[in-house]
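K.L.:
Sequence lines, in order, name chains A and B.
Numbering of the first sequence is given in the numbering used here, commencing with residue 42 and proceeding in unit increments.
Numbering of the second sequence is given in the numbering used here, commencing with residue 120 and proceeding in unit increments.
A single structure is presented below for examination.
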Amino acid sequence: MDIELETVGTVRIVVPIDRIDSKTAKAFEESLMGEIASGNKAVLVDFIKLTYISSAGLRVLLMAAKRLKAASGGFSLCSVNANIREVLDVSGFSKILDIQADRAAGLAKLGG
Amino acid sequence: MDGELHVTLANDLDEVGRLAALTEEFLDSHTQDVSLAFKVNVAMDEVLTNIISYGLEDQPAATVDVRMQVFADTLTIVVTDPGPAFDPLAEAPEPDLESDIDDRPIGGLGVFLVQQFMDHCAYARVEDHNRLTLTKTINADDI
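See the structure below:
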């Protein structure tokens, strides 16, 4: 899958494109966990270009959130569409992940 | 509007995306429910990933049969595979939806999402095949 990476201030922004399913979750995992492993402490995953996520993608989000929490870093999602939001709500992820309305709010939250 | 989609999938995870596109096209032309295809695709993704990654691991040439039918206000999906007997509904543990981030287990949500997004799920072992039947009522306004 295609993934865009950007940096704004101290915040690393990861933008997965199109679909995170069982086929593409591995590429998303390598990209996101790679960014965290290389020392980024404030990571914003921007879902503006994402249309679909399955439980394989939820797994990666939880791994990243745990890793950054352990590293005293910050992790937020933003620009989540209504369908994906429902997956996050149903799976109980909305309670443990920080979800911001848009990129500006995400950057503000992470101190970028 | 009544109709049926019948797809035979190869034993390959790429097929999940192909079915998703066909499902979207089928449901968009047979119902007015704009979120239905998304929910069905999440459910089918979980079901097919289990079958392809685990059930048919040792049978590369095996195929998975998917029949999707809209009849009146009900969507019925029947997924049939020739893998070893396995009831995904019986094996799935209750997911932990409440623990904080440190204690939340990674994974284990797949079958739960299927059950949340479909109204009814049933498993049967029929003629050496696993048969999973998923049904969902379509909102009256959306038929």
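Note that the Cβ used here is the ideal one computed from N, Cα and C, for glycine as well.
1. Whole-angstrom Cβ separation of A78(A) and V52(A), contact assumed at under 8 Å?
2. Using alpha carbons as the reference points, say which of N258(B), D260(B), I257(B) and L253(B) lies closest to M187(B).
3. Excluding five sequence neighbours on each side, which residues of the same chain lie with their C-beta closer than 8 Å to the C-beta of Y93(A)?
4. I'd like to know whether the C-beta of M104(A) is nearer than 9 Å to at least one C-beta of chain B.
5. In whole angstroms, what separates the C-alpha of L155(B) from that of E176(B)?
6. Between which two residues does the alpha helix (DSSP H) harbouring P207(B) extend?
7. Contact between the region 101–120 of chain A and the region 132–150 of chain A is defined here as three or more beta-carbon pairs at a separation below 8 Å; is this criterion met?
8. E95(A) versus chain B: which residues are under 7 Å apart at the beta carbon?
9. State yes or no: is the beta carbon of F205(B) nearer than 9 Å to at least one beta carbon in chain A?
10. Starting from the N-terminal side, write out each stretch of the alpha helix (DSSP H) that is 4 residues or longer and does not extend beyond the region 183–251 of chain B.
11. Count the other CB atoms, across all protein chains shown, that sit within 10 Å of the CB of K255(B); report buried if there are 16 or more and exposed otherwise.
12. Would you say P214(B) reaches chain A, if we count a Cβ-Cβ gap shorter than 9 Å as a contact?
13. In whole angstroms, what separates the C-alpha of N249(B) from that of L232(B)?
14. In the structure shown, what three-state DSSP assignment does D152(B) receive?
15. Unbroken beta strand (DSSP E) runs of length 3 or more, entirely within the region 91–137 of chain A: which are they?
16. How about L103(A) and I220(B): are their beta carbons less than 9 Å apart?
17. Here's a check: name, in chain order, each residue in its chain whose Cβ is nearer than 6 Å to the Cβ of K158(B), leaving out the five neighbours to either side.
18. Whole angstroms are fine: how far does the CA of A191(B) sit from the CA of E45(A)?
19. Relative to chain B, which residues along the region 49–81 of chain A have a C-beta separation below 9 Å, given in chain order?
20. Could you tell me how far apart the beta carbons of L141(B) and E134(B) are, in whole angstroms, since I believe they sit closer than 8 Å?
21. So, under 8 Å CB-CB, S132(A) and V161(B) are touching, yes? Tell me the CB distance rounded to an integer number of Å.
22. Would you tell me roughly how many angstroms separate the C-alpha atoms of D143(A) and A105(A), rounded to the nearest one?
23. Anyone know if the C-beta pair for L132(B) and S172(B) falls short of 9 Å?
P.N.:
For this structure:
1. Not really, about 17 Å apart at Cβ, beyond 8 Å.
2. L253(B)
3. D59, R60, I61, D62, N124 and I125
4. yes
5. 30 Å
6. P207 to E210
7. yes
8. Checking the sequence, you will find Ser at residue 95(A) rather than Glu. V161, D164 and E165, listed in chain order.
9. no
10. 207–210 and 229–236
11. buried
12. yes
13. 20 Å
14. coil
15. 91–94 and 115–119
16. yes
17. F236
18. 44 Å
19. R60, D62, S63, K64 and T65
20. At roughly 10 Å, the Cβ-Cβ gap does not stay under 8 Å, so L141(B) and E134(B) are not in contact.
21. That pair is no contact at about 10 Å.
22. 20 Å
23. yes
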